[in-house]
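**Student:**
Residue numbers (this note's numbering): 21 to 284.
1. Looking at the structure shown, is residue 122 part of a helix, part of a strand, or coil, going by DSSP?
2. Under three-state DSSP, which class holds residue 140?
3. CB-CB under 7 angstroms to residue 151, same chain, minus the five flanking residues each way: which ones, in chain order?
4. With DSSP collapsed to three states, give me the class of residue 93.
5. Specify the secondary structure class of residue 202 as computed by DSSP and reduced to three states.
6. Just mark residue 113 as buried or exposed, buried being the case when its beta carbon has 16 or more other beta carbons within 10 Å.
7. In whole angstroms, what is the alpha-carbon distance linking residue 211 and residue 172?
8. What's the call for residue 38, buried or exposed, on a 16-neighbour Cβ count within 10 Å?
9. Kindly indicate the opening and closing residues of the alpha helix (DSSP H) around residue 252.
10. With a CB to CB cut of under 7 angstroms and the five nearest residues on each side skipped, what residues in its chain are close to residue 179?
11. What is the C-beta distance between residue 137 and residue 275, in whole angstroms, given that I count them as a contact (C-beta under 8 angstroms)?
12. Under 8 angstroms, with one C-beta from each stretch per pair, do the segment 241 to 261 and the segment 68 to 77 reach the 3-pair mark?
13. Could you name the residues of the same chain whose beta carbon sits closer than 7 angstroms to that of residue 36, not counting the 5 residues immediately before and after it, in chain order?
14. If you drop the 5 nearest sequence neighbours on each side, which residues of the same chain put their C-beta closer than 8 angstroms to that of residue 215?
15. Taking residue 56 and residue 245 to be in contact with their CB atoms under 8 angstroms, please state how far apart those CB atoms are, rounded to whole angstroms.
16. Going straight from the alpha carbon of residue 29 to that of residue 264, what length do you get?
17. Within the continuous alpha helix (DSSP H) that includes residue 23, where are the two ends?
18. Less than 8 angstroms between the beta carbons of residue 133 and residue 27, yes or no?
19. Whole angstroms are fine: how far does the CA of residue 279 sit from the CA of residue 289?
20. Should residue 41 and residue 185 be called a contact, given that it needs their Cβ atoms to be closer than 8 angstroms?
21. Using a Cβ-Cβ cut-off of 6 angstroms (strictly less than) and excluding sequence neighbours within five positions of residue 149, which residues of its own chain qualify?
22. Apply the 10 Å Cβ neighbour rule to residue 104 and answer buried if 16 or more other Cβ atoms are within range, or exposed otherwise.
23. Only counting the same chain, and skipping five residues up and downstream in sequence, which positions put a Cβ closer than 8 angstroms to that of residue 116?
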């Protein structure tokens with residue numbers, strides 16, 4: 021398959037899987053291998069930036085409020101969640117780079133399936149009372165729960181371990197309100213994606229790294245990732261309220277087995 025079309029398909033995959041609990045980075049690694057697209061870590065980060073724009077569009081009012089009130093309680097919680105993520109990523113970075121070769125992909129997909137199944141079975145009976153919130157209302161998430169979600173996000177740095185799945189499950193297990201957990205999970209990805217982009221740009225500029233990527237294809241793929249991402253966010257928020265992750269867990273078991281035969 022020509023690289024141009026391969027990268028476009030990767031953009032569609034990124035937009036669809038970034039906000040679903042199935043690991044977008046894991047899918048990008050797997051399909052990058054199938055399509056022969058090199059430097060999947062770089063491609064992954066660029067496409068993650070495209071879905072970052074999806075978050076900004078969907079939560080534009082809330083983000084605008086944060087920009088005008090940077091010391092509000094929600095912003096402090098996002099910072100608190102980001103700190104353990106950064107610490108874990110720095111510690112694990114030597115093996116994280118190697119994991120983008122796909123060596124751990126089948127295991128990580130399976131671990132995500134186990135996490136989703138466990139959370140679904142243990143907490144599906146707990147019902148939340150729906151309520152309407154204003155932009156100025158803070159998240160019903162404690163600082164302790166924010167730290168737990170931040171740790172979950174850090175451990176999800178490996179391809180195959182879903183970032184959204186891990187953070188949402190971490191919030192639900194710590195007894196946070198489900199609607200807030202989903203929205204907080206998406207918003208807390210913003211600083212991590214930006215930091216990842218800065219790191220890649222630094223290595224590209226100052227360490228003379230090269231990337232054999234079809235730029236026009238990456239641009240078009242990023243547009244598709246953005247558009248599909250907008251719809252995926254809204255779908256995942258509704259799904260989290262119902263806490264019905266079993267079908268995703270079944271899918272992850274299947275792709276875990278498939279990835280083993282594809283990669284090995």
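Beta carbons: idealized from backbone N, C-alpha and C, even for Gly.
**Tutor:** The short version:
1. coil
2. helix
3. Note on residue 151: pLDDT 46, under 50, position unreliable in the model; no value is reported.
4. The DSSP-derived three-state label of residue 93 is helix.
5. helix
6. exposed
7. 15 angstroms
8. buried
9. 235 to 262
10. 43, 45, 46, 49, 119, 120, 125, 128
11. Rounded, the Cβ-Cβ distance is 15 angstroms, inconsistent with contact.
12. Cβ pair count under 8 angstroms is three or more, so yes.
13. 248, 252
14. 106
15. The Cβ separation is near 20 angstroms, so there is no contact.
16. Those two C-alpha atoms are separated by around 27 angstroms.
17. 23 to 37
18. No, Cβ-Cβ distance for residue 133 and residue 27 is not below 8 angstroms.
19. Because the chain in this structure spans residues 21 to 284, residue 289 falls outside the shown range and cannot be described.
20. Closer than 8 angstroms, so yes.
21. Reliability of the predicted coordinates at residue 149 is poor, the pLDDT of 47 falling under 50, and the value obtained from them is presented with this limitation in mind. If we look at residue 149 and ignore the five residues flanking it on each side, it has no Cβ neighbours.
22. buried
23. 109, 177, 178
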